[in-house]
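Undergrad: Please read through the structure below; I'll follow up with questions.
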Amino acid sequence: MSTERPQKRLKKPPACDSCKARRVLCHPQPDNAPCPRCLEKKILCTTTPVVRGRSRHAVEVHAQPTASTSLVVPSQELSWVVAAPSQYGSALASNGSELNCPPLDPEFVAHCFGCFDFIPQTGHPLINFTGIKDSIRAAAFDVQHLRPQSRVLALCIIAFTSLSSFHESVLGPGPRPQSMEDLPFFLSNPDIRQCGVRRAAACRALRAKAIKDACETGIMFEATEENALSCYFLDCLDQNDTCAPTRAWGGAYMSHVRTLAPRWREQKYTLSEEERWMGFLMAESLFATARRIPMLTMLHDQLLLAGPEASLDSLLKSIESKKQPGLQVLWSSIKPYLFHSVCLARHLYLEINGDYPRLNPLSEVAVVNFLSSLTLLRSVMSLLLASVDSAIGPPPYTRTPIRYNHHSVESAARSCGYGLIIGFVSLVLPFHRELELRFDDEGDLRARERMRLFRTQAREMAVTGLHELACALRYLPPLHHTPMNWRILYPWAEFYVEAAGENKEDLEMIVKELNIMGYSLDVFSSPQVAELIERLGAYLKKTDSSVWRRFLEFCRACGPVSASGTAVDS
């Protein structure tokens, strides 16, 4: 009688996201290779792990000691963090982060608040409500002299600004810019992407310090302007570091804003504040829609913070009928445009790519309505961009970064032009992706033909959106500090490869922007990014051999980067 125990049958790997969404049989391949269906459709094959069963411990923290500031996280490395706020903060802070935390002396704090003026988030309406800049100056940039809630807010701003800081305690030894306006370094230095790798440890430490103090102060549980803004910055940092669908800080941020907004309305509330709120509400909504996670912004929030607007069709007619000179039509139409971008993002989530719509077959009515609304939004965008272009002319390529508290009419118009395009393209790509994922080869022939027509229209709109995105980047100065752009740029770079785009100028613009992102984020240590850059390089080689040579020189100068995020000696 044999004593050998029978070998346990290997469990079949889980289905990929694409096959799971379409509810078809998946054939997972070994070594993370794409499944046959994704390979045939030439789409990115990803598998999101699903945690099943009850955890052995009531509270468990999965901390990644080698976590980075990258948005590109391999599926097998995703971890779900389930912890009480105070334990979450202490766990992050105790993970060796204190050793990498820059000293929070007045010189470093003053440096960070100086850099903050060059980052778009300095225009958040709550910055003026809190008066944090005046408070930190009155305290001589000593965070210990601030009230607890103001101190937490200052730490959150410092942690967020560390993504753009050029301070030696953040970047460590090595080449670094001398200021936020050091054009020669940013535009010609091949080592720029190493800055994201070098700053990763300091950014994690500052973020852990901010979370620890935020949890100890209990900013989630008291609705004040300082607490709301602190939660906002912590949510932004989470967006750059995790792919989890839960947004504890973002939820607290919007909850505080809803509580405080009626009081703001009773005081002096300006049109400028309404416009700024709509811009930040749009950014939150488009981020959630692109990631197929629940939106935090409700229609009630839009009405409370910015007031009602006429229909999208009425907005288009109004712009066409107006004969206002210069930028007047832009200033009067920007808030309604942002309002409708948020409404379309909500429509996309509730009717097409949200959790509930994905439980049912794709609704043709929802698809037709969304396509029609996107077409109207694109028409409005084109008319407003025409007014921007006629008023300010072509971009001067020697412009310095925008100081968002002291910008000119021209820079304000360019920022609006950028926002108009982002409000459109951030809706187009998720819509196109969803139609591709949900296409069913089975069923009624006529229904398949109709859906194939919708897919074609969505793809054509996405190809147009790719060119518009490059135009949006041209509205920005050559040097700009927008680390949050990565979540917009990376999916479009993937789409460029899939769509086999042929516009050399657009591709150059996207590759250049990817490289600029390397200054703030540790993204080039990701195998996914490395593969994408290699494929984009192949397209550059196809379009222009001279551009390809410059690209190769840049990559050689940067040197290879290991999976741990450190440079490899050649």
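Remember, this note's numbering sits 53 above the position in the sequence shown when you count from 1.
Every residue gets a Cβ at the ideal spot worked out from N, C-alpha and C, and that includes glycine.
These numbers come from a predicted model, not from an experiment.
Rounded to whole angstroms, what is the Cα-Cα separation between Ala254 and Asn153?
TA: 6 Å
Undergrad: In three-state terms, what does DSSP make of Tyr285?
TA: helix
Undergrad: What's the call for Ala263, buried or exposed, on a 16-neighbour Cβ count within 10 Å?
TA: buried
Undergrad: With the cut-off set at 8 Å, would you say Leu542 and Glu566 are in Cβ contact?
TA: yes
Undergrad: Can you tell me whether Lys51 is helix, strand or coil according to DSSP?
TA: Residue 51 lies beyond the range of the chain shown here (54 to 623); nothing can be said about it.
Undergrad: Rounding to the nearest angstrom, what Cα-Cα distance links Val418 and Glu513 in this structure?
TA: 20 Å
Undergrad: Mind checking Asp497: buried by the 16 CB within 10 Å criterion, or exposed?
TA: exposed
Undergrad: State the DSSP-derived secondary structure class of Tyr592, mapped to helix, strand or coil.
TA: helix
Undergrad: How about Glu327 and Ile387: do their beta carbons lie closer than 8 Å?
TA: no
Undergrad: Whole angstroms are fine: how far does the CA of Arg252 sit from the CA of Ala359?
TA: 38 Å
Undergrad: Taking three-plus beta-carbon pairs below 8 Å as touching, is the region 197-215 in contact with the region 557-572?
TA: no
Undergrad: Using C-beta distances below 6 Å, list every residue in its chain close to Ser338, excluding the 5 sequence neighbours before and after it, in chain order.
TA: Met348, Thr350, Val395, Ala398.
Undergrad: Over what stretch of residues does the alpha helix (DSSP H) that includes Thr312 continue unbroken?
TA: 301-319
Undergrad: Go through its chain and collect everything with a Cβ distance to Leu436's Cβ below 6 Å, but skip five positions before and after it.
TA: Ile372
Undergrad: Please work out which residues of its chain come closer than 6 Å, Cβ to Cβ, to Val420, disregarding the five sequence neighbours upstream and downstream, and give them in chain order.
TA: Phe507
Undergrad: Going straight from the alpha carbon of Leu357 to that of Cys79, what length do you get?
TA: 46 Å
Undergrad: From the DSSP output, in three-state form, read off Lys50 for me.
TA: Outside the displayed range of the chain (54 to 623) lies residue 50, so it cannot be described from this structure.
Undergrad: Can you give, in chain order, each stretch of the alpha helix (DSSP H) that sits fully within the region 233-291 and has at least 4 residues?
TA: 236-241, 247-270
Undergrad: Between which two residues does the alpha helix (DSSP H) harbouring Gln82 extend?
TA: Per DSSP, Gln82 belongs to no alpha helix (DSSP H) and is neither H nor E.
Undergrad: Can you round the beta-carbon distance between Leu259 and Ile211 to whole angstroms, since I take them to be within the 8 Å contact cut?
TA: 6 Å
Undergrad: Could you pull the start and end residues of the alpha helix (DSSP H) that Lys557 belongs to?
TA: 557-573
Undergrad: Leaving out the 5 sequence neighbours to the left and right, which residues in its chain are closer than 7 Å to Ala546 when beta-carbon positions are compared?
TA: Ile563, Leu567, Leu585, Leu589
Undergrad: On the DSSP letters alone, give me the boundaries of the alpha helix (DSSP H) that Met434 sits inside.
TA: 417-445
Undergrad: Can you tell me whether Glu362 is helix, strand or coil according to DSSP?
TA: coil
Undergrad: Give every residue of the same chain whose Cβ lies closer than 7 Å to the Cβ of Thr451, excluding the five residues on either side of it in the sequence, and list them in chain order.
TA: For Thr451, the pLDDT reaches just 45, beneath the cut-off of 50, and the residue's location in the model is therefore unreliable, leaving the point undetermined.
Undergrad: Here's a check: name, in chain order, each residue in its chain whose Cβ is nearer than 8 Å to the Cβ of Cys165, leaving out the five neighbours to either side.
TA: Ile210, Ile211, Thr214, Ser215, Ser218, His220
Undergrad: Classify Gln231 as buried or exposed, calling it buried when 16 or more other Cβ atoms lie within 10 Å of its own Cβ.
TA: exposed
Undergrad: Excluding the five sequence neighbours on either side, which residues of its own chain have a C-beta within less than 7 Å of the C-beta of Pro156, listed in chain order?
TA: Ser222
Undergrad: So which of Leu403, Asp354, Cys248, Pro544 has the shortest CA-CA distance to Val478?
TA: Answer by Cα proximity: Pro544.
Undergrad: CA-CA distance, Asp288 and Cys256?
TA: About 15 Å.
Undergrad: Do Phe446 and Arg246 have their C-beta atoms within less than 8 Å of each other?
TA: In the sequence as displayed, the identity of residue 446 is Gly instead of Phe. Using a Cβ distance threshold of 8 Å, Gly446 and Arg246 do not count as a contacting pair.
Undergrad: Using the beta-carbon count (16 or more within 10 Å), is Asp266 buried or exposed?
TA: buried
Undergrad: For Gly142, which of helix, strand or coil comes out of DSSP?
TA: The predicted position of Gly142 is uncertain, since its pLDDT is 43 and thus under 50; a value taken from the coordinates is nonetheless stated next. Residue state, collapsed to three classes: helix.
Undergrad: Which same chain residues end up closer than 8 Å to Pro81 when comparing Cβ atoms and leaving out the 5 residues on each side of it in sequence?
TA: Lys65, Pro66, Pro67, Ala68, Cys69, Cys88, Thr100
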